[in-house]
Ligand code: COA
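Residue numbers (the working numbering): 202 to 369.
In C-alpha cells, the structure reads:
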C-alpha cells in the first residue's frame with residue numbers, strides 16, 4: 202500500500218526522517234510530498250528541499266520525493282494513494298492533526314490518516330527550531346541530516362545576522 206507523507210520540510214529534520222524510515226517499513230511505498238505553502242515563508246526553495254529530502258532518504262529504496270500545490274487529498278488521489286502518513290510529537294499536535302484528518306476525510310472519504318508517534322528523542326523538534334538554532338550559530342548536526350546541516354551553515358554564514366544598533 203502506498204502512503205503519502207505531506208509537509209513543508211523546510212528543512213527536513215531527523216524527526217521527519219524517523220517517521221519516513223518507519224513508514225517505509227510499514228508501506229510498500231512512501232511519497233514524501235513537499236507542499237508549496239504560501240502561508241509559510243520558506244527558508245529553502247522547493248528544489249533545495251527536494252534535494253535535501255532525496256539525499257536524506259537515498260538509502261530507502263521504496264521512498265520517493267515529490268512536490269505539490271493545493272489540497273493534500275487531491276494530490277494523494279492523483280497518486281492513487283489512500284493513506285496519509287503523519288507524525289505525532291506531543292499532545293498538542295493531536296488536536297490539529299485530528300482536525301486535519303477529519304477535514305481531509307470530508308473532502309475525500311476514501312483517505313485514511315495513519316499516525317506514528319515520533320521517537321522520544323525528536324519529540325521537541327521542529328523545522329523552525331532548527332532554523333533558529335542555526336541562525337544564531339548553534340550546532341544542529343544532531344538534529345538534521347548532514348546535507349541540511351551544511352546547507353544551513355552555508356545559508357547563515359552568507360547572511361550574517363544584522364547587528365543590533367548600539368545604545369550610546
Ligand atoms: N519531526 C520533527 N518535526 C516535525 C515532525 C516530526 N516528526 N512532524 C512535524 N514536525 C514539525 C514540522 O517541521 C513543522 O515545523 P515548522 O512549523 O517549524 O515548519 C511543524 O512540526 C508542523 O508540521 P506539519 O503539521 O507537518 O506542518 P507542515 O507545514 O510541515 O505541513 C501540511 C502541513 C502541508 C501537511 C498541510 O498544511 C496541508 O495539507 N496543506 C495542503 C493544503 C490542504 O490540503 N489543506 C487542508 C488540510 S486539512
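C-beta: ideal position from N, C-alpha, C; glycine also.
Between the region 304 to 320 and the region 287 to 294, do three or more beta carbon pairs fall short of 8 Å? Counting Cβ pairs under 8 Å, three or more are found: they touch.
Skipping 5 residues on each side, what residues in its chain have a beta carbon closer than 6 Å to that of residue 228? Position 27 of the chain shown holds residue 228. For residue 228, where only same-chain residues beyond five positions count, the Cβ hits under 6 Å are 202, 204.
As assigned by DSSP and simplified to three states, the class of residue 318: As a working mapping, residue 318 is identified with position 117 in the chain shown. Of the three classes helix, strand and coil, the one that applies to residue 318 here is strand, per DSSP.
Applying the 10 Å Cβ sphere with the 16-neighbour rule, what's the burial state of residue 253? Against the chain shown, residue 253 aligns to sequence position 52. Around the CB of residue 253, 16 or more other CB atoms lie within 10 Å, so the residue is classed as buried.
Check the Cβ-Cβ distances between residue 283 and every residue of chain C, and say whether any is below 7 Å. Among the protein chains of the structure shown there is no chain C, as only one such chain exists.
Mapping the DSSP letters down to three states, classify residue 353 as helix, strand or coil. Against the chain shown, residue 353 aligns to sequence position 152. Residue 353 falls in the helix class under three-state DSSP.
Distance, residue 212 Cα to residue 223 Cα: Counting from one through the chain shown, the residue named residue 223 turns up at place 22. Counting from one through the chain shown, the residue named residue 212 turns up at place 11. Distance between the alpha carbons of residue 223 and residue 212: 19 Å.
Note the first and the last residue of the continuous alpha helix (DSSP H) segment covering residue 323. Position 122 of the chain shown, counted from the first residue, corresponds to residue 323. First-last for residue 323: undefined, no H or E at that position.
Would DSSP call residue 268 helix, strand or coil? As a first step, residue 268 is located in the chain shown; it is residue number 67 there, counting from the start. Looking at residue 268 - three-state DSSP - the assignment turns out to be strand.
Taking 6 Å as the line, does the beta carbon of residue 227 fall inside it for any heavy atom of the ligand COA? Taking the chain shown and counting its residues from 1, one reaches residue 227 at position 26. Of the heavy atoms belonging to the ligand COA, none sits nearer than 6 Å to the Cβ of residue 227.
Apart from the five residues on each side of it in sequence, which residues of its chain come closer than 6 Å, Cβ to Cβ, to residue 369? Working through the chain shown from its first residue, we reach residue 369 at position 168. Residue placement at residue 369 is poorly supported in this model, since its pLDDT is 46, which falls under 50; the coordinates are not used for a value here.
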